[in-house]
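First the structure, in the form of structure tokens, and then the observations on it.
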Amino acid sequence: MNILKFFTAGSVDDGKSTLIGRLLYDTDSILADQLEALQSSNRKNDDGTIDLAILTDGLRAEREQGITIDVAYKYFQTEKRKFIIADTPGHIQYTRNMVTGASTANLAIILIDARNGVVEQTIRHSYIVSLLGIKHVVVCINKMDMVDYSETIYSSIIEKYKILAQQLKLADITYIPVSALKGDNVAQTSENMDWYEGESLLHFLEKVDTDSLDKSQLARMPVQWVVRPQTEELHDYRGYAGRVLSGTFNLNDKVTVLPSGASSTVEKIEFFDQALDAAHAGQSVIIHLKDDVDISRGDSIVNASALPQESKLIEADLCWMDTRALDTSIMYNIQHNSKITKCKISEILHKVDINTLEKHAAEEFKLNDIGRVIVKTADALAFDLYDDNRANGSAILVDPRTNLTVGALMFRAAVE
Amino acid sequence: MSTYNFDYLDELEAEAIHILREVAGQFEKPALLFSGGKDSITLVRLAEKAFRPGKFPFPLVHIDTGHNFEETITYRDQMVERIGEKLIIGSVQESIDQGKVVEQTGKNASRNALQTVTLLDTIAKYQFDACIGGARRDEEKARAKERIFSVRDEFGQWDPKRQRPELWNIYNGKIHKGENIRVFPISNWTELDVWNYIRREKIDLPSIYFSHERDCITRNGQLMAASPFLNMDDEDVVERKQVRFRTVGDMSCTAAVESDATLIDDIISEISASKISERGARLDDKVSEAAMEDRKKGGYF
Ligand SMILES: Nc1nc2c(ncn2[C@@H]2O[C@H](COP(=O)(O)OP(=O)(O)OP(=O)(O)O)[C@@H](O)[C@H]2O)c(=O)[nH]1
Ligand SMILES: [Mg+2]
């Protein structure tokens, strides 16, 4: 059994939390004591039925205001699959929390309120989905119960969305008309919409194939920790511990260590008490090399015949996530896998207007702004392009004054 | 290419190991908070997988309420002996003796809330900058909101409205002096995942997780182990029951469930069929809708 990680996006009140509540409810994933707590809660729907959104709106402030502020993670499983869901906030002010939930997902559900159609937040979130390279998108036209389950309304919204999807180069999109509140087409196909011939959301999620997320087959492992027991019997033991980001390391593979450029060969791969023949993407292992090379945390071990790029000047998309605006005159810390170095944003190439998706020149970069910049780093980074290799093509910016995570970077090119 | 089968437990395990190694790499003085429960026992196994044959780059820290199940303490001491790592004990009794906290009185008195003070004191005393814990997001709705690296201020407080963005698998461990980070490597595991992992890894557990006979009383609709730590009066009727525990905490606030499950397979089928959540057996969560959030804001794990 494998895990599908997905998240819900869309504007405030489009019904994201309700949809997740409905998925959990209809798959029998809500336990009796939680249900009891729901029933005794004073947040109810207008008709007195339980408000499923409070299943994920776990903070006091969220329940008081009836909105989602931060991501909630929920878990359920069916016979076919395990699911990890991130319920993200729709409010623009909390976009950074939406990006948090989206960054680890491999599928996005974008909700649209059938009464309102595509609105600014739909565009913003769809844009973020495309930036983050999330390949699978399900667009749920929600609250169909409030528009008499009208096919015409549904069709006109998806026609609009298709234009947006084309602009954003979102490829794999599935459209489903639903009512999160009533459950139509959520776990079961609905009798209220005979005209819809597709499957229910749950059914779709159970079988969508999300393998081969990253095209890259190139072996990469950032070193997180050097294991050196320094005991008598393990006097010379020196193992490099890390998680394989992509590709496969086999015994005797030729590898290069970056940034030093030293070459060596994989001598041994260990996983706790097992010796492995190979380490694959996703596995956390310990690698031993034949030669005595100097390696410490922050270095990468990579396939010697397909090196990543190395540069101190990188063009990247930036999502700004702090209330304090970007300051191009100060130094930030950039964290790229286990490597941390200083950097500056040396140039803002453009900012994207979320309404029109047009790029324009900008001096300023404020909370929730998205655009293209050039990052100048103190030490060179060994990276791949985000579109080829999510894990090795992304980084965060940390403000040394506040220690806050202030930016998300997706590498697009090395600047010559 | 060799075939390889990477199932969901492997994925959760690899993620947790990655997080533990990030803690080792990013902090000066981390600690692993060990409660004696199945989640922290799982963490110890994950730490072995992350760092062996080396030593753990952190000690284990047990915040001891003094109201323990004997079986937990026996287990703890044997485990520490087996793995050969350092154990630091923070004692709630000591905090009481020093007058830092006052023992609760009344029928529902428990030391659960007092732990927080002892925990914060222990963190301050040893200047821990990161504390690894076994909390999971599926346990409770406030926990469902917490980051894997969760910043606490000098007073141990969690501010749910000002959490840092946490992107991809990059964890920002930068903090100011006095602050610390709580780290939750098994955030994405469910109760069932933990049990399946324990079965797969053949991990030993304290015997109270399995069915046994015990004197119990019924309190607020729940079965509590009769013990000197529970304030009992004439109304309390002691009954002998066949029970086990789903979580292990302070004896005065951890409820038992009636169960015949003596083997791990029995437990897994019991949980799969169960309609009650694990924290449903914790009286401390029943106080109000935001009980956990409030305790977390105050520095609770
Ligand atoms: N009639 C109807 N109402 C719905 C439906 N889905 C959600 N709602 C209602 O819409 C309101 C907002 O729903 P939420 O699920 O909280 O919306 P959200 O998208 O999570 O909002 P934020 O997280 O704050 O962005 C609630 O009152 C829901 O009951 C639906 O399918 N039909
Ligand atoms: Mg919501």
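Residue numbers (the working numbering), protein chains in the order written: chain A, 1 to 416; chain U, 1001 to 1301.
Glycine residues also receive a C-beta, built at the ideal position from the N, C-alpha and C atoms.
Counting only beta-carbon atoms, is residue i nearer than 9 Å to chain U?
i	result
His280/A	yes
Pro229/A	yes
Pro259/A	no
Gly58/A	yes
Arg96/A	yes
Gln121/A	no
Asp13/A	no
Gly242/A	yes
Asn106/A	no
Thr100/A	yes
Asp209/A	no
His136/A	no
Phe7/A	no
Ile84/A	yes
Tyr237/A	yes
So that I know if they touch, is there some Cβ in chain A lying closer than 9 Å to that of residue i?
i	result
Trp1195/U	no
Gly1156/U	no
Glu1013/U	yes
Gln1163/U	yes
Glu1293/U	yes
Arg1052/U	yes
Lys1125/U	no
Glu1048/U	yes
Met1001/U	The predicted model places Met1001/U with a pLDDT of 38, which falls under 50 and marks its position as unreliable; any figure quoted below should be read in that light. So, interface residue.
Lys1100/U	no
Glu1166/U	yes
Val1257/U	no
Ser1274/U	yes
Ordered along the chain, which non-local residues of its own chain (more than five positions away) have a Cβ less than 8 Å from that of residue i?
i	result
Asp26/A	Gly183, Val186, Ala187, Gln188, Leu202
Arg1282/U	Because the pLDDT at Arg1282/U is just 49, under 50, the model does not fix this residue reliably, and the point stays unresolved.
Leu251/A	Val266, Glu267, Lys268, Ile269, Asp277, Ala278
Ser1150/U	Trp1158, Gln1163, Ile1181, Arg1182, Val1183, Phe1184
Flag residue i as yes when its Cβ comes closer than 8 Å to any non-hydrogen atom of ligand 2, and as no otherwise.
i	result
Ser11/A	no
Lys16/A	yes
Thr56/A	yes
Thr256/A	no
Ile67/A	yes
Gly1099/U	no
Pro1160/U	no
Asp87/A	yes
Is residue i close to ligand 1? I mean its beta-carbon at under 8 Å from any heavy atom of the ligand.
i	result
Val293/A	no
Lys182/A	yes
Gly492/A	Nothing about residue 492/A can be read from this structure; chain A reaches only from 1 to 416.
Met193/A	no
Leu19/A	yes
Ala53/A	yes
Leu451/A	Given a span of 1 to 416 for chain A in the structure shown, any question on residue 451/A remains unanswerable.
Asp1260/U	no
Lys5/A	no
Lys312/A	no
Enumerate in chain order the residues of its own chain whose CB-to-CB distance from residue i is below 6 Å, with the five nearest sequence positions on each side excluded.
i	result
Ile158/A	Tyr175
Pro1185/U	Ala1016, Ile1019, Leu1020
Gly239/A	Val227, Ile286, His288
Leu409/A	Ala316, Leu318, Ala395
Excluding the five sequence neighbours on either side, which residues of its own chain have a C-beta within less than 7 Å of the C-beta of residue i, listed in chain order?
i	result
Lys312/A	Lys376, Thr377, Ala380
Ile1271/U	Glu1191, Leu1192, Trp1195
Ala304/A	Lys254, Val255, Thr256, Ser263
Glu347/A	Val373, Ile374
Alpha helix (DSSP H) runs wholly inside the region 1160-1215 of chain U, at least 4 long, in chain order: 1191-1201
Output needed in chain order: residues of the region 401-412 of chain A with a Cβ under 8 Å from some Cβ in chain U. Asn403, Leu404, Thr405, Ala408
Any residues in the region 185-200 of chain A with a beta carbon nearer than 9 Å to a beta carbon of chain U? Which ones, in chain order? none
Taking a Cβ distance cut-off of 7 Å, strictly less, list which residues of the region 1127-1156 of chain U are near chain A, in chain order. Arg1137, Asp1138, Lys1141, Ala1142, Ala1144, Lys1145
Between the region 1076-1091 of chain U and chain A, which residues of the former have CB atoms less than 7 Å from a CB of the latter, in chain order? none
Quick one: which residues of the region 1003-1037 of chain U get their C-beta closer than 7 Å to a C-beta of chain A? List them in chain order. Tyr1004, Phe1006, Asp1007, Tyr1008, Glu1011, Ala1014, Ile1017, His1018, Arg1021, Glu1022, Ala1024, Gly1025
Under 9 Å, CB to CB, which of the residues in the region 1185-1216 of chain U have a partner in chain A? Ser1187, Asn1188, Trp1189, Thr1190, Leu1192, Asp1193
Length-filtered (4 minimum) alpha helix (DSSP H) runs lying within the region 83-116 of chain A: 95-103
If contact means a Cβ-Cβ distance below 8 Å, which residues of the region 375-399 of chain A contact chain U? Arg390, Ala391, Ser394, Ala395, Ile396, Val398
Please name the residues in the region 69-80 of chain A whose beta-carbon is closer than 9 Å to at least one beta-carbon of chain U, in chain order. Ile69, Asp70, Val71, Ala72, Tyr73, Lys74, Tyr75, Phe76, Gln77
Ranges of the alpha helix (DSSP H) found wholly within the region 183-233 of chain A, counting only runs of at least 4: 201-207
Whole beta strand (DSSP E) elements within the region 1115-1167 of chain U, 3-residue minimum: 1130-1132, 1149-1152
Name the residues in the region 323-349 of chain A whose C-beta lies less than 9 Å from a C-beta of chain U; which are they? Asn333, Gln335, His336, Asn337, Ser338, Ile340
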